Amino acid sequence: MSVDTETVARIAALARLKVTEEELAAMVPELNRILAWVEQLGEVDVTGVEPMTAVIPNTLRLREDVIDADPLTGGGKRDSVLANAPAAEHGFFGVPKVIE
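When the count follows our numbering, it moves up by one through the sequence shown with no breaks and lands on 551 for the last residue.
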């Protein structure tokens, strides 16, 4: 795949970038080199390679989710908090629907 000056101008317009004619002419070969490199990546044989999200194995350190029952320092205040809500539904704040 290759791009021409018109394609680069359209991409710049879509990205709301103001680009001069000289800059457009300089970007065409640069974008073509980038696209050629990306096409080379498609030639790599990846059979048997498992998809991964990171190079090193990573696990989250989890903690116990505990509600502090002390009324001065922690939880146990749901009813008093919801008493201030304009609308409470099933133990949660009720909010108006915004998507039709």
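Glycine included, each C-beta is placed from N, C-alpha and C at the ideal position.
If you're wondering where the values come from, they're calculated on a predicted model, not measured in any experiment.
- CA-to-CA, the gap between V489 and A460 works out to about 21 Å.
- In the structure shown, A534 falls within a coil segment according to DSSP collapsed to helix, strand and coil.
- Boundaries of the alpha helix (DSSP H) harbouring I462: T456 to L465, taken from the DSSP string.
- Using a Cβ distance threshold of 7 Å, F544 and A534 do not count as a contacting pair.
- In chain order, V459, A460, A463 and M478 place their CB closer than 8 Å to the CB of V470, counting only its own chain and leaving out the 5 sequence neighbours on each side.
- D519 sits close to G526, with the two beta carbons spaced by under 7 Å.
- Membership of I518 in any alpha helix (DSSP H) is not indicated, and neither H nor E is assigned to it by DSSP.
- Setting aside the 5 residues that flank it on each side, M452 is surrounded in the same chain by L486 and E490, each with a C-beta closer than 8 Å to its C-beta; the list follows chain order.
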